[in-house]
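Structure first, commentary second.
In my numbering, the protein residues as written are 41 to 852.
Below is the structure:
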């Protein structure tokens, strides 16, 4: 009968576990599909000579797309018309500079980065407009092929690896122990059927079939709690990985920063002007020498005029998001916002001609004329080295002075100083009475813009909190070394004594050399996607648990390779979201802190359940083993083992999984050994508690065997159950007293009450007495059982007291 009961129990657990996991995974995938539908872009195509708007998914090869500034490209297409169209392809190539698109035929053998007559799905038009014939959609696009490649890559989370290793260990142990006890029992003359039933029961007891459902339950609860904080968990088993993370590699753009360029400094008339403000909001003080300057300051007129002229972007206020947005090139947007911060009204002017930024010439030019003047003025803005090479004069105040070597050297020192602050430096100059907008010789140098991508307001706090948990945060970016270091220092990632590694260094290092070199590095600059992947692999080879954040297509391979990939829901590309395990729906970096806390809670909860189940299993094994060696009658029967394994443990392990979060989880630094489910501390606790169970049960069993043999099975059976009641309460914490917060887990209180009632039913009901070979127990029997059971609480309380005395820090 016991075999049938056990078979039904295991079948029930497997079915329930499968249903729970499937339902939770299905909910996560449905939420992801809803997110994709919500974020799906639309395309404008020419059909039957008319422009129509259709969803991206309905675009087909042969369609002619009408592409405007600020739009996302819906498919791979061949450009047939371009009006100064420039496309940001950073999500594919990692290059921040937009690519100027042309209609010309190109020579064969060029890299994708040089296909200037093609536009690609997922990229953004930052300026100009054009038309293009669709040549590929869906998985046939460049972005689609990358997504298809990364789908085949499978990664194993730390928890999955731990469970797999634990399962192999349990199977071998169960087989060896059961076979050994069966052989020993046969040799000393025990009945075959009795030994067979005990061997089967012990095998089932050693294999904690309740663990999979508890793990699923704990993970599902964690996923649900994270969803309340705008974090979509795509894979149930991935949620715990961040709780174990020892390294978090963050992408700069879109994660550390807002991906909103802002002018922070302007060098003009020999003075450094500071600009305040947040993002694209056209409000902020303009400061010179520590004092706010007003609209009468002579420098403001020139800054406003140049900034208004050279920016090709548009500044719009989104009523939906209640924030300012820029349509066009982010750098142009930053300069436009600067002009809006200056309220001073200038003289009216007419634009005579203009040329957008040319990525070969590295400058943009505008010719304008004031209404009351007949002279044209040429203004250029671009790369400092290009602009300075065209300047023969420098404007200081109202005068144009000759550009001497001394003055040029001074300007270059300003340029270097601004660069060292992590600012992207852009120069601007003018030429009075210009006859052409092509000849840029004999220009007069005006000044520099110092532009920075604004750091997210929560970044510093988040980095600080993560660092306090013992997790190392590193930044990986394609920016120049000085810029990357400055931003990392502002965010709190780069600290004194840290090192910066350049991408070119990685090309010349083997993995073993790279593992040594990354020690002490907190910033990885000028890194391409291949470099990022190598760094992630190096950290993993070093034994670290790595989480990676990213939002671009070029981040996808690294997101897959990391133990946990995190993508942004709003700004992230579809490929990045497909590759990631967790998606931050509101792009809030602070959600990572919640995920770390949730992940740690999940792992600690699973360890509590494992401790509880394994101490029970080892206790039962010790009881049977010692009884066989001493040639005692078996203290626990097969049906009783199944009852304890399913009924007692079944209620208590699930309720133990509902234990509330412990305090100060984030402030506890996680030791490397703590990433194993069964670590040295757990082994000691399992041995201690199983010894108490075994010794207590055998002593009481031997006592009743002599004094009241008719009660022996009822007493030993009930004593083992009582040990489990108290043991569940012991396992709530590694070092907190069992008497602290005794009412905090209402589920455990209810479960304990239920198993007490059920155990009494097994002892006093006539049918159950026949199944479990029990008889009613008296008051004195219960006193002996309860007092003996309390020994497991006493033993753990002494250990916890000594543990707290040694250290108040986290012990995993």
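C-beta: ideal position from N, C-alpha, C; glycine also.
Assignment of beta-bridge partners to residue 316 by DSSP yields no partner. In this structure, 491 is the residue among 358, 491 and 183 with its C-alpha nearest to the C-alpha of residue 459. In the displayed model, residue 657 falls within a helix according to three-state DSSP.
Within 10 angstroms of the beta-carbon of residue 172 lie 16 or more other beta-carbons, which makes it buried. Under the rule that a run must span 3 or more residues, the beta strand (DSSP E) segments found entirely inside the segment 283-339 read 287-291, 297-308, 311-315 and 326-328.
Shown here, residue 624 sits in a strand according to DSSP, grouped into three states. For residue 143, DSSP assigns no beta-bridge partner whatsoever. The Cβ-Cβ distance between residue 128 and residue 165 falls below 9 angstroms. CA-to-CA, the gap between residue 153 and residue 143 works out to about 16 angstroms. Ranking 226, 424, 597 and 388 by CA distance to the CA of residue 409 puts 388 first. Contact between residue 351 and residue 379 holds: their C-beta atoms lie close to 7 angstroms from each other, under 8 angstroms. Within the segment 77-136, the runs of beta strand (DSSP E) at least 3 residues long that lie entirely inside it are, in chain order, 82-87, 90-95, 104-107 and 116-128. A Cβ-Cβ distance of about 7 angstroms is found for the pair residue 566 and residue 521, placing them in contact under the 8 angstroms criterion.
Each residue's CA atom was taken as its position, placing residue 717 and residue 647 some 6 angstroms apart.
Your pair residue 759 and residue 740 checks out as a contact, with CB atoms roughly 6 angstroms apart and the cut at 8 angstroms.
Taken in chain order, the unbroken stretches of alpha helix (DSSP H) that lie wholly in the segment 549-621 and span 4 residues or more are 551-557, 569-581, 596-601 and 614-619. Non-local beta-carbon contacts of residue 835 in its own chain, meaning distances under 8 angstroms to residues more than five positions away in sequence, involve 728, 729 and 732 in chain order.
Taking C-alpha positions only, residue 747 is separated from residue 262 by approximately 52 angstroms. Around the beta carbon of residue 100, a 10 Å sphere encloses fewer than 16 other beta carbons of the protein chains shown; the residue is thus reported as exposed.
Annotation: the continuous beta strand (DSSP E) that includes residue 433 extends over 431-436. Residue 417 places its beta carbon 9 angstroms or farther from that of residue 486. Within the DSSP secondary-structure output, residue 172 pairs in a beta bridge with 105 and 119.
In the structure shown, residue 680 falls within a helical segment according to DSSP collapsed to helix, strand and coil. The alpha-carbon of residue 325 is positioned some 14 angstroms away from that of residue 312. By the criterion of at least three beta-carbon pairs nearer than 8 angstroms, the segment 441-448 is not in contact with the segment 336-350. In this structure, the beta-carbon distance from residue 660 to residue 676 falls below 9 angstroms. Between residue 671 and residue 808, the alpha-carbon positions lie close to 28 angstroms from each other. Non-local C-beta neighbours of residue 503 in its own chain, meaning closer than 7 angstroms and more than five positions away in sequence, comprise 513, 531, 532 and 533, ordered along the chain.
By the CB criterion at 9 angstroms, residue 639 and residue 283 fall inside the cutoff. Counting C-beta pairs closer than 8 angstroms gives three or more between the segment 681-688 and the segment 787-804, which meets the contact rule.
Within the same chain, and ignoring the five residues on either side of residue 541 in sequence, the residues whose Cβ sits closer than 6 angstroms to its Cβ are 561 and 564.
The way I'd put it, the segment 592-610 doesn't touch the segment 216-234; fewer than three beta-carbon pairs between them come closer than 8 angstroms.
Residue 515 counts as buried, since no fewer than 16 other beta carbons sit within 10 angstroms of its beta carbon.
Out of 318, 374 and 353, the CA that lies nearest to the CA of residue 363 is found in 318. For residue 692, the enclosing alpha helix (DSSP H) has its first and last residue at 689-696.
When the Cα atoms are used, residue 616 and residue 414 turn out to be separated by approximately 54 angstroms.
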